[in-house]
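Participant: If you're matching positions, the sequence shown starts at 103 in this note's numbering and goes up one per residue.
Backbone N, C-alpha and C fix where the C-beta goes; we use that ideal spot for every residue, glycine too.
Since the model is a prediction, treat every value here as computed from it, not as a measurement.
Below: one structure in structure tokens.
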Amino acid sequence: MTAARLTLDLDALAANYAALRAQALAAEVAPVVKADAYGIGAGPVARRLWAEGARTFYVARVAEGERLRGDLGPERTADVLVLDGCPDGAAERLAAAGLTPVLNSLAQVEAYARGAPGGPCALHVDTGMNRLGLRPEEARSLAQSDRLRGLDLRWVLSHLSRASEQDRHASSAQAARLAEIAVLFPDARVSLCNSAGTFLDQDLHFDQVRPGISLYGGGPFDRPDPRLRPVATLTAPVLQLRTARPGEAVGYGAAFVAPRTLRVAIVAAGYADGALRSLTGGGYAFVEGASRPLLGRVSMDLIAVDVSDAPAVRPGTEVELWGPNLPIDEVAAAAGTIALELLVRAGARGERVYVGAEG
Ligand SMILES: *Cc1c(COP(=O)(O)O)cnc(C)c1O
Numbered sequence: 103m104t105a106a107r108l109t110l111d112l113d114a115l116a117a118n119y120a121a122l123r124a125q126a127l128a129a130e131v132a133p134v135v136k137a138d139a140y141g142i143g144a145g146p147v148a149r150r151l152w153a154e155g156a157r158t159f160y161v162a163r164v165a166e167g168e169r170l171r172g173d174l175g176p177e178r179t180a181d182v183l184v185l186d187g188c189p190d191g192a193a194e195r196l197a198a199a200g201l202t203p204v205l206n207s208l209a210q211v212e213a214y215a216r217g218a219p220g221g222p223c224a225l226h227v228d229t230g231m232n233r234l235g236l237r238p239e240e241a242r243s244l245a246q247s248d249r250l251r252g253l254d255l256r257w258v259l260s261h262l263s264r265a266s267e268q269d270r271h272a273s274s275a276q277a278a279r280l281a282e283i284a285v286l287f288p289d290a291r292v293s294l295c296n297s298a299g300t301f302l303d304q305d306l307h308f309d310q311v312r313p314g315i316s317l318y319g320g321g322p323f324d325r326p327d328p329r330l331r332p333v334a335t336l337t338a339p340v341l342q343l344r345t346a347r348p349g350e351a352v353g354y355g356a357a358f359v360a361p362r363t364l365r366v367a368i369v370a371a372g373y374a375d376g377a378l379r380s381l382t383g384g385g386y387a388f389v390e391g392a393s394r395p396l397l398g399r400v401s402m403d404l405i406a407v408d409v410s411d412a413p414a415v416r417p418g419t420e421v422e423l424w425g426p427n428l429p430i431d432e433v434a435a436a437a438g439t440i441a442l443e444l445l446v447r448a449g450a451r452g453e454r455v456y457v458g459a460e461g
């Protein structure tokens, strides 16, 4: 190992998919593989989950859907839904790639019906987030109109805004609003839950759940969950060992000054590899059996780790930045963010290695 490496465990991914299926009971588990499957790699993720039984996948962008079709190939048939819906001029592209748009506005419904007559679609209804989706009253007027007649409406969905807080009241109120709308579209199946909602309450599941982060090992409530296995591990080798004498600074801006003589390992991972700069002052690396503090600022290519108590550390010793010993939820919290952003930013430069069956 000569540089930072992201190791991605496809068997752990399959185990997390099984855990989510156990949680979802009768509801379908439709993996969310947007943003290159949160940085894990949409191709390997979708192929393995297809082998495990997944037949519906969600992406955010039209281009992600086109790429996923290529990744799945002609023999792996699956529904691919695009959360952005039908942006201006996208109807023909959606049809050509066999993608199902999640229509987000009356204007999108019209544009898609014009550009892809008879095409499959889903409808996003906003039940309390003011992000994407028709307002409930717009959905009602759509149900009473003939504007959907030329389309094949398969799904009605909404999205939870507060499920990760474990505050069931907010999520239950959204579910009640969705149920009121869903009865107006009796032929469509219904979907509401992300990862957190899936673990929150069975009453919220409807026909299908849409987990992302928990497939990739992040806990549903922004903290580690024993039902899930880590999928991504970021490791890097020690490049050099140094001695910082009392009063000497380490790294940019002299942000850390050694209070006593310290043995410092310089590790080949920085924010270009996914070791977030905001870990400065609060982060750890796992090396030689223990978590040891990062010293000074995280720079683009390098970090410094206090290995004063680890005399066995040598150039080449492998250091974990997150993974089985440093859960992504805890590392993300130390960096002031969430596991989703941590994963999405990882592996910008580093080597990616897949372990476990591809499926
Ligand atoms: C990203 C997303 C999800 C998955 O969310 P997680 O919190 O990662 O499980 C589900 N539904 C929609 C609409 C999304 O945008």
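Report the residue from Leu-170, Asp-181 and Tyr-214 whose alpha carbon sits nearest the alpha carbon of Cys-188.
Facilitator: Tyr-214
Participant: For ligand 1, is there a heavy atom less than 7 Å away from the beta-carbon of Gly-314?
Facilitator: yes
Participant: Can you tell which of Glu-240, Ala-180, Val-292 and Gly-321 has the C-alpha that lies nearest to the C-alpha of Glu-267?
Facilitator: Gly-321
Participant: Would you kindly work out how many angstroms separate the C-alpha atoms of Glu-194 and Leu-201, rounded to a whole number?
Facilitator: 10 Å
Participant: Could you give the uninterrupted runs of the beta strand (DSSP E) lying entirely in the segment 273–358, keeping only those of 3 residues or more?
Facilitator: Correct list: 291–293 and 334–346.
Participant: Roughly how many angstroms separate the alpha carbons of Leu-423 and Gly-372, rounded to a whole number?
Facilitator: The alpha-carbon of Leu-423 is positioned some 10 Å away from that of Gly-372.
Participant: Could you tell me whether any non-hydrogen atom of ligand 1 is closer than 7 Å to the CB of Asn-427?
Facilitator: no
Participant: In the DSSP assignment, find the beta strand (DSSP E) that holds Arg-242 and state where it starts and stops.
Facilitator: Unbroken run through Arg-242 is the alpha helix (DSSP H), 238–246; no beta strand (DSSP E).
Participant: Would you check if the distance between the CB atom of Ile-368 and the CB atom of Leu-336 is smaller than 8 Å?
Facilitator: no
Participant: Leaving aside the five residues before and after Tyr-386 along the sequence, list all residues of the same chain whose C-beta is less than 7 Å from its C-beta, in chain order.
Facilitator: Ser-393, Arg-394, Pro-395, Leu-396 and Leu-428
Participant: Is the beta carbon of Leu-317 sitting closer than 8 Å to the one on Leu-306?
Facilitator: Against a cut-off of 8 Å, the Cβ pair of Leu-306 and Leu-317 comes out as no contact.
Participant: Could you work out which residue in Leu-234, Ala-153, Phe-287 and Leu-225 is closest to Gly-461 when comparing CA atoms only?
Facilitator: Ala-153
Participant: Determine the contact status of Leu-419 and Val-340, defining contact as a CB-CB distance below 8 Å.
Facilitator: The sequence shown places Thr at residue 419, not Leu. In this structure, Val-340 lies closer than 8 Å to Thr-419 by Cβ.
Participant: Assuming Val-211 is part of the alpha helix (DSSP H), what are its boundary residues?
Facilitator: 208–217
Participant: Return the CA-CA distance between Arg-347 and Arg-362, expressed in angstroms with no decimal places.
Facilitator: 6 Å
Participant: If you draw a straight line from the alpha carbon of Leu-185 to that of Leu-343, how long is it in whole angstroms?
Facilitator: 48 Å
Participant: Spell out the partners DSSP gives Glu-130 in its beta bridges.
Facilitator: Answer is Gln-310.
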